[in-house]
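Sequential numbering of the sequence shown, starting at 0, is according to numbering that gives the first Met the number 0.
Every residue gets a Cβ at the ideal spot worked out from N, C-alpha and C, and that includes glycine.
Have a look at the structure below, then the notes.
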Amino acid sequence: MKTQKGLMEQPCSECGGTLEKTYISREFEREGIKVRLSGIKAWVCKGCAEIYFQPGGADKVVKAANCLFELALAEEQHKGTLTAQV
Ligand SMILES: [Zn+2]
């Protein structure tokens, strides 16, 4: 995962492939609790599938995941997966 400025105009720094704007989902697991975030805006390389977030985007994803973990713990939803649409 990498964060770059002006990545829309740049090819993939790993393989030179074209970056495609898309929405991805990510799953996180902590202490047996799973949370899933979907609808995260990102750029994915068509060549090697490297994922690029907007500047600061990766931090926001981590923060959102942490919020879901807090919610899961507060509600004692220790089973199953908590899902959020971004
Ligand atoms: Zn690539």
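- Annotated three-state conformation of V85 is coil, per DSSP.
- With distances taken between CA atoms, V85 lies nearest to I39 out of I39, K20, F27, G55.
- These are the residues, in chain order, with a beta carbon less than 6 Å from any non-hydrogen atom of ligand 1: C11, E13, C14, G16, C44, G46, C47, E49.
- DSSP, reduced to helix, strand and coil, places E19 within a strand of the structure shown.
- When the Cα atoms are used, G55 and T17 turn out to be separated by approximately 21 Å.
- A direct Cα-to-Cα measurement between C11 and Y22 gives close to 17 Å.
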